[in-house]
Amino acid sequence: MRFDGWCCATASSSRRQTSDKRQATSDKRRAFARKRVFALTRSTRKRGNQWLQQGGAHVKVYLNGKFVERQHALVSVFDHGLLYGDGVFEGIRSYNGLIFKLREHIDRLFASAHTIMLAIPLSAAQLVEVVKASLRVNKLRDAYIRLVVTRGEGDLGLDPRKCTSPTVFVIADRIELYPKKLYEQGLELITVATQRNVPEALNPQIKSLNYLNNILAKIEAINAGYEEAIMLSPSGYVTECTGENIFIVTGKQLLTPPPYIGVLRGITRQTVMALGTRARLTVREELLTRYDLFNADECFLTGTAAEIVPVVKIDGRTIGSGKPGPVTRRLQKAFREVTKTDGVRY
């Protein structure tokens, strides 16, 4: 048997009939989902700017073609996203009515899904409309959006051919990953024993629902009294934190680990690299050790949820002056300016 993302070729006619029925059911669900997207996005657009007021008493979640209250946003216990972490996701930000780097996030979602042979039942354009509608429905201008596609409902085995149709949901809400004071005073990090997954086993460019590697590192940091952890590669090189990319500033150089070491090519990471070049810094991807971190002039983290967070101490060693440095501050300001104009309006 061969799995091609949707159907399989079998020797028995009865299995072919079962497969055909599943395919027909899947096609019907995809067609229904597309119709629901059109109806939902049209209805939210009609309401105009009244949706774009800050606030919103109840979070409404988009789930397989309709918006439901948070307490009714339920998926099957047989969904392979729950049973096996079989699915992909994106975290997206909106700032003052603009969705930042939306197309890049959608493109990466489709790339992740394609890599794991998961066929998303909506087009990229339709997902864009769903994200926009989610923000309007929840009356949010500044928000964090979580877009998730799972393999869907299957059986207790991990065979993806048994899954009938992908589950798609979008959550739009607010997020505060770290206390505000840490953006002013800086974050302290610890290097943990949990190593980063090797990319040969699981490519970090796949935004997979399985975050156990990151969670184990996070637990280590929390148990040691820290907010965030640095994970090393099996060779001892710095990779990333549990949810953010890491940068250091040395003189006029802005350095960050290369993706091939086990690092997500983060969208905020790419934005900051471009901002660094614009600020006339020498921006490079380079293998880094803890020694490099300890002796850097500055250090900071980047991520969609975290944005840009200064780091002032690592493993008990003070970084630079022990305060957020001037380059970090300049990049924070430049990033805020970019988010004011770069985005998809909804």
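Using numbering that gives the first Met the number 0, read the sequence shown as starting at 0 and increasing by one per residue. Yeah, the Cβ is synthetic: ideal placement off N, Cα and C, and Gly gets one too.
*First through last residue of the beta strand (DSSP E) which encompasses Glu-187*: Glu-187 -> beta strand (DSSP E) spans 186–190.
*asked:* Residues in the same chain with beta-carbon distance under 6 Å from Ala-72, minus the five sequence neighbours each way, listed in chain order, please.
replied: Listed in chain order, the non-local C-beta contacts of Ala-72 below 6 Å within the same chain comprise Val-60 and Leu-62, local neighbours out to five positions each way being set aside.
*Residues in its own chain within less than 7 Å of Val-310 by CB, not counting five upstream and five downstream?*
Around Val-310, the same chain offers Gly-185, Leu-186, Leu-188, Cys-298, Phe-299, Leu-300 and Ile-318 as residues with beta carbons nearer than 7 Å, after the five sequence neighbours per side are excluded.
*Buried or exposed: which applies to His-79, given that a residue is buried once 16 or more other Cβ atoms fall within 10 Å of its Cβ?*
Buried, because 16 or more other Cβ atoms sit within 10 Å of the Cβ of His-79.
_Please report the straight-line C-alpha distance between Ser-137 and Thr-303, rounded to a whole angstrom._
At residue 137 the sequence reads Asn, which differs from the Ser that was named. Roughly 20 Å separates the two Cα atoms.
*Residue from Thr-267, Tyr-236, Lys-322 and Lys-312 whose Cα sits closest to the Cα of Glu-243*: Of the listed residues, the one whose Cα sits closest to Glu-243 is Thr-267.
_Sequence-distant residues of the same chain with beta carbon closer than 8 Å to Lys-206, five excluded per side_ = Excluding residues within five positions, the ones whose Cβ falls inside 8 Å are Val-87, Phe-88, Glu-89, Arg-107, Leu-108, Ser-111 and Leu-263.
*Which of helix, strand or coil does DSSP assign to Pro-325?*
Three-state result, Pro-325: helix.
*If Val-148 sits next to Ile-105, beta carbons under 8 Å apart, how far is it from one beta carbon to the other, in whole angstroms?*
No, Val-148 and Ile-105 are not in contact; Cβ-Cβ is about 11 Å, not under 8 Å.
_Simplified DSSP assignment, three categories, for Phe-246_ = Here Phe-246 sits in strand by DSSP.
*Leaving aside the five residues before and after Ile-313 along the sequence, list all residues of the same chain whose C-beta is less than 6 Å from its C-beta, in chain order.*
So the list reads Leu-188 and Leu-292, once near-sequence residues are dropped.
*My understanding is that Gln-252 touches Arg-277, with C-beta atoms under 8 Å, so please give their C-beta distance in whole angstroms.*
With 8 Å as the limit, Gln-252 and Arg-277 do not qualify as a contact, their Cβ atoms being about 15 Å apart.
_Residues that Asp-348 bridges to, as DSSP identifies them_ = Since the first and last residues shown for the chain are 0 and 345, residue 348 lies out of range.
*Could you give the DSSP three-state label for Asp-85: helix, strand or coil?*
Note: Asp-85 maps to coil in three-state DSSP.
*Measure from the alpha carbon of Arg-173 to the alpha carbon of each residue in Asn-209, Arg-150, Ile-91 and Gly-342, then state which is nearest.*
Out of Asn-209, Arg-150, Ile-91 and Gly-342, Ile-91 has the C-alpha closest to the C-alpha of Arg-173.
*Which stretch, first to last residue, makes up the alpha helix (DSSP H) that contains Ile-98?*
Ile-98 -> not in any alpha helix (DSSP H); beta strand (DSSP E) instead, spanning 97–99.
*Near Thr-193, what residues of its chain come up, given a Cβ to Cβ distance below 8 Å and the 5 sequence neighbours on each side ignored?*
The residues are Asn-212, Leu-215, Ala-216, Glu-219, Ala-228 and Met-230.
_Residue-chain proximity (Ala-216, chain D), Cβ-Cβ < 8 Å_ = In summary, chain D is missing from the structure at hand, where a single protein chain is found.
_Among the candidates Gln-125, Val-326 and Arg-316, whose CA atom is the shortest distance from the CA of Thr-190?_
Residue Arg-316 is the option with its Cα nearest to Thr-190.
*Got a sec? Which residues, its chain only, sit under 8 Å from Leu-155 by beta carbon, not counting five neighbours each side?*
The beta carbon of Leu-155 sits closer than 8 Å to those of Phe-77 and Leu-82, all from its chain and outside the five residues before and after it, given in chain order.
*So what does DSSP say about Lys-45, is it helix, strand or coil?*
Any answer about Lys-45 is weak, because its pLDDT of 46 lies below 50 and its placement is not dependable; what the coordinates show is given next. Per DSSP, reduced to three states, the secondary structure at Lys-45 is helical.
*Assign Ala-142 to buried or exposed, taking buried as 16 or more other Cβ atoms, counted over all protein chains shown, within 10 Å of its Cβ.*
That one is buried.
*Beta carbon of Pro-258 nearer than 8 Å to that of Leu-286*: No.
*CA nearest to the CA of Lys-65, picked from His-113, Val-167, Tyr-290 and Lys-180*: Answer by Cα proximity: Val-167.
*In the structure shown, what three-state DSSP assignment does Ile-170 receive?*
Under the three-state reduction of DSSP, Ile-170 is assigned to strand.
*In chain order, what residues of the same chain lie with their CB nearer than 6 Å to the CB of Phe-99, ignoring the 5 residues before and after it?*
Only Arg-92, Thr-338 and Gly-342 meet the Cβ criterion.
_Under 8 Å between C-beta atoms of Val-308 and Tyr-177_ = Val-308 is a Cβ neighbour of Tyr-177, given a cutoff of 8 Å.
*Return helix, strand or coil for Gly-265, following the three-state DSSP convention.*
Residue state, collapsed to three classes: coil.
*Under 8 Å between C-beta atoms of Arg-195 and Gly-261*: Taking 8 Å as the cut-off, the Cβ atoms of Arg-195 and Gly-261 count as close.
*In angstroms with no decimal places, state the Cα-to-Cα distance between Arg-145 and Arg-344.*
Cα to Cα, Arg-145 sits roughly 18 Å from Arg-344.
*So, Leu-330 versus Gly-275, is the Cβ gap smaller than 8 Å?*
Between Leu-330 and Gly-275, the CB-CB gap stays under 8 Å.
*Put Lys-59 into one of helix, strand or coil per three-state DSSP.*
Lys-59 carries a strand assignment under DSSP once its states are collapsed to helix, strand and coil.
*Please classify Pro-165: is it buried, with 16 or more other beta-carbons within 10 angstroms of its beta-carbon, or exposed?*
Buried, because 16 or more other Cβ atoms sit within 10 Å of the Cβ of Pro-165.
*Can you tell which of Arg-279, Ala-305 and Glu-199 has its C-alpha closest to the C-alpha of Ile-245?*
For Ile-245, the nearest C-alpha among the options comes from Ala-305.
*Compare the beta carbon distance of Asp-296 and Val-248 with 8 Å and say whether it is the shorter of the two.*
Yes.
*Leu-73 (DSSP reduced to helix, strand or coil)*: DSSP places Leu-73 in coil when its eight states are reduced to three.
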